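See structure below.
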Ligand SMILES: [Zn+2]
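Residue numbers (the UniProt record's numbering): 1 to 240.
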């Protein structure tokens, strides 16, 4: 009886030990698998943040559908596009603006109103002044460009021009600034409008054209003087 009980006990112990070993081994395996898959997830996520390439995100969707659906949701709530030369540049949100010598008072007031629209966002801060070489600057100017007769008949009139100019210095004294310009084509009275100044100042700050009619960055003037949430989102991408 005692021997039988002892045998039974040994069998139980052996079974338990084998079971424990089996469980433990599978735990280690699953742990190392988690670590590997975590690493695989982490790497493409980091790349997809830096690059908006559709290739890396489609590879990602196979691994973690949840995260990639979040990414695609962000992509569908489209922000106003940004100019390619401001992408990835760490620009300060503060700008110093001044007017070229030949800018008439009437045009100055239109530009000043546009400045107020961007300052109201709280995303950028535009201050009157020249600024130094290492500070962001905006020059407001006027120009005269007469459109060919056939284009005028089609209402294809250039109302303004504007854009960023990125200056990067490397080395111990490294800095990145935007010395931007925004101008109105004063050949046409339609150009001396707040909507045109807001559009050109948007270019100066780094916004590109939007395909949305309600955006101030729509390429054809719609008289829009209010930034849409998408416009603000685009700005925030440049000035986080
Ligand atoms: Zn434009």
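No residue lacks a Cβ here, since even glycine has one placed at the ideal position from N, Cα and C.
The model shown is predicted, which means the values in this text are computed figures rather than measured ones.
Report the residue from the options whose alpha carbon sits nearest the alpha carbon of residue i.
| i | options | result |
| --- | --- | --- |
| residue 228 | 81, 8, 11 and 149 | 81 |
| residue 220 | 179, 7, 200 and 97 | 200 |
| residue 239 | 7, 99, 85 and 94 | 94 |
| residue 146 | 140, 155 and 139 | 155 |
| residue 124 | 8, 233 and 11 | 233 |
| residue 111 | 120, 99 and 122 | 99 |
| residue 88 | 101, 176, 142 and 108 | 176 |
| residue 91 | 223, 166, 203 and 106 | 166 |
| residue 235 | 224, 218, 208 and 223 | 208 |
| residue 202 | 230, 188 and 190 | 230 |
| residue 105 | 141, 78 and 187 | 141 |
| residue 190 | 8, 222 and 210 | 222 |
| residue 148 | 97, 8, 96 and 187 | 187 |
| residue 139 | 102, 117, 122 and 119 | 102 |
| residue 226 | 85, 119 and 133 | 119 |
| residue 97 | 86, 115 and 107 | 115 |
| residue 86 | 224, 179, 192 and 7 | 179 |
| residue 204 | 143, 137 and 152 | 137 |
Give me the Cβ distance between residue i and residue j, rounded to the nearest whole Å; I'm assuming they're in contact under 8 angstroms.
| i | j | result |
| --- | --- | --- |
| residue 83 | residue 164 | 6 angstroms |
| residue 117 | residue 192 | No, residue 117 and residue 192 are not in contact; Cβ-Cβ is about 16 angstroms, not under 8 angstroms. |
message: Give the residues whose C-beta lies closer than 6 angstroms to at least one heavy atom of ligand 1, in chain order.
response: Residues close to ligand 1 by the beta carbon criterion (under 6 angstroms to any non-hydrogen atom) are, from first to last along the chain, 199, 203, 209 and 219.
message: With three or more C-beta pairs closer than 8 angstroms as the rule, is the region 119-130 touching the region 171-182?
response: no
query: Looking at C-beta atoms only, is the number of pairs between the region 177-187 and the region 210-228 that lie closer than 8 angstroms three or more?
result: no
task: Count the C-beta pairs between the region 195-202 and the region 154-162 that are closer than 8 angstroms, then say yes if the count reaches three, no if not.
output: Yes, since at least three Cβ pairs between the region 195-202 and the region 154-162 fall closer than 8 angstroms, the two stretches touch.
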